[in-house]
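Heads up: the sequence shown at position 98 corresponds to 98 in UniProt numbering, and the numbers run straight through without jumps.
Note that CB positions come from ideal geometry on N, CA and C, so glycine has one too.
Please read all numbers here as calculations on a predicted model, not as lab measurements.
Okay, so here's the structure we're looking at.
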Amino acid sequence: MLVAAGEVARAPLFRIVATFSHQCVSIKVMTIDRAGFPFIGVALTPAIASIALGHPLAAFLLVALPAAVTLFFRDPERFPPRGPGAVVSPADGRVLTAGAAKSTAAPPGHWHQISIFLSPLDVHVNRVPIGGTVTQVVHTRGRFLPAYSKDAATDNERSEIWLQHDNQTVVFRQVVGALARRVVCRVVPGAKVQTGERFGIMKFGSRMDLFLPTSATLLATEGERVRAGETVIARLPDSES
Numbered sequence: 001m002l003v004a005a006g007e008v009a010r011a012p013l014f015r016i017v018a019t020f021s022h023q024c025v026s027i028k029v030m031t032i033d034r035a036g037f038p039f040i041g042v043a044l045t046p047a048i049a050s051i052a053l054g055h056p057l058a059a060f061l062l063v064a065l066p067a068a069v070t071l072f073f074r075d076p077e078r079f080p081p082r083g084p085g086a087v088v089s090p091a092d093g094r095v096l097t098a099g100a101a102k103s104t105a106a107p108p109g110h111w112h113q114i115s116i117f118l119s120p121l122d123v124h125v126n127r128v129p130i131g132g133t134v135t136q137v138v139h140t141r142g143r144f145l146p147a148y149s150k151d152a153a154t155d156n157e158r159s160e161i162w163l164q165h166d167n168q169t170v171v172f173r174q175v176v177g178a179l180a181r182r183v184v185c186r187v188v189p190g191a192k193v194q195t196g197e198r199f200g201i202m203k204f205g206s207r208m209d210l211f212l213p214t215s216a217t218l219l220a221t222e223g224e225r226v227r228a229g230e231t232v233i234a235r236l237p238d239s240e241s
């Protein structure tokens, strides 16, 4: 399979097609992000060892661990909405805050802020909130406080992406949590990105902070469940996605 420049490589996990009474029942290919391959391999090791040692029942029970790891790195297809100025959620999860940015972790200036908490059960592949040109990517090393902590945005390890959309600046930040010890960011300055495009992944529970111009209309509400690349959480004025 050829992968275009800038496209996130994924791997099909399975495909099952069954036929019943002249009807074809198809289960779509489930894809996993390539960042999960090493973790899945390590999780499979005990099961493989059990088979080699002649303990098939133990191997069957041990398959639960790699299955859970595989589900964590799942990368379902998403279908971004079309429309001028639509800002989609960059992550799956629950909205922690939505309103004027009051945190000292906000970039200089005045911003609207939407913060999203990702539990270990959520999809952790991240998507671009609105199309534009990446102008800056900054990675900061830090601590591993719980992602919902008030100090997580200032103290935890994180990657911050600055994007220019029709003369408007949008900033989104991947923040690790107590379980998520690493963020993967696959965009670089100068990259042209589209709304809903995959740009990275956060491992094992984390947080996403999004900063928008104060001219943006916020649609997300605290406590709302959102889906990366599909849920419209804000709109920018006089712009096209």
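Beta-carbon gap between residue i and residue j smaller than 9 Å
i, j, result
"residue 185", "residue 174", "yes"
"residue 226", "residue 92", "yes"
"residue 198", "residue 118", "no"
"residue 163", "residue 200", "no"
"residue 165", "residue 236", "yes"
"residue 234", "residue 112", "yes"
"residue 37", "residue 107", "no"
Residue burial classification, residue i (beta-carbon count within 10 angstroms, cutoff 16)
i, result
"residue 49", "exposed"
"residue 192", "exposed"
"residue 115", "buried"
"residue 76", "exposed"
"residue 53", "exposed"
"residue 170", "buried"
"residue 100", "exposed"
7 Å CB neighbourhood of residue i in its chain, flanking five on each side removed
i, result
"residue 5", "Below a pLDDT of 50, predicted positions are generally treated as unreliable, and residue 5, at 41, falls in that range; no measurement from the model is reported."
"residue 196", "78, 80, 88, 127, 128, 229"
Cβ-based neighbour list, residue i, same chain, cut-off 6 Å, excluding 5 preceding and 5 following
i, result
"residue 222", "95, 98"
"residue 182", "203"
"residue 157", "141, 142, 176"
"residue 240", "Unreliable positioning characterises residue 240 in this predicted model, as indicated by a pLDDT of 46, which lies under 50. A coordinate reading is not provided."
"residue 224", "95"
"residue 138", "160"
Candidates the options, of which the one nearest residue i by Cα
i, options, result
"residue 129", "85, 182, 142, 158", "85"
"residue 188", "170, 169, 160", "160"
"residue 69", "122, 219, 190", "122"
"residue 136", "237, 105, 172, 217", "172"
"residue 209", "105, 120, 190, 124", "105"
"residue 102", "238, 168, 214", "214"
"residue 73", "169, 212, 124, 41", "124"
"residue 190", "217, 167, 134, 216", "134"
"residue 120", "31, 71, 41, 32", "71"
Cut-off 8 Å between Cβ atoms - residues of its own chain near residue i, not counting five sequence neighbours on either side
i, result
"residue 56", "50"
Neighbour flag for residue i against chain B, beta carbons, 9 Å
i, result
"residue 126", "No chain B is part of this structure, which consists of one protein chain only."
Paired residues, beta bridge with residue i - DSSP
i, result
"residue 87", "234"
"residue 163", "134, 170"
"residue 217", "235"
"residue 98", "114"
Any non-hydrogen atom of the ligand ATP within 8 Å of residue i CB
i, result
"residue 128", "The ligand ATP is not part of the structure shown, which contains no ligands of any sort."
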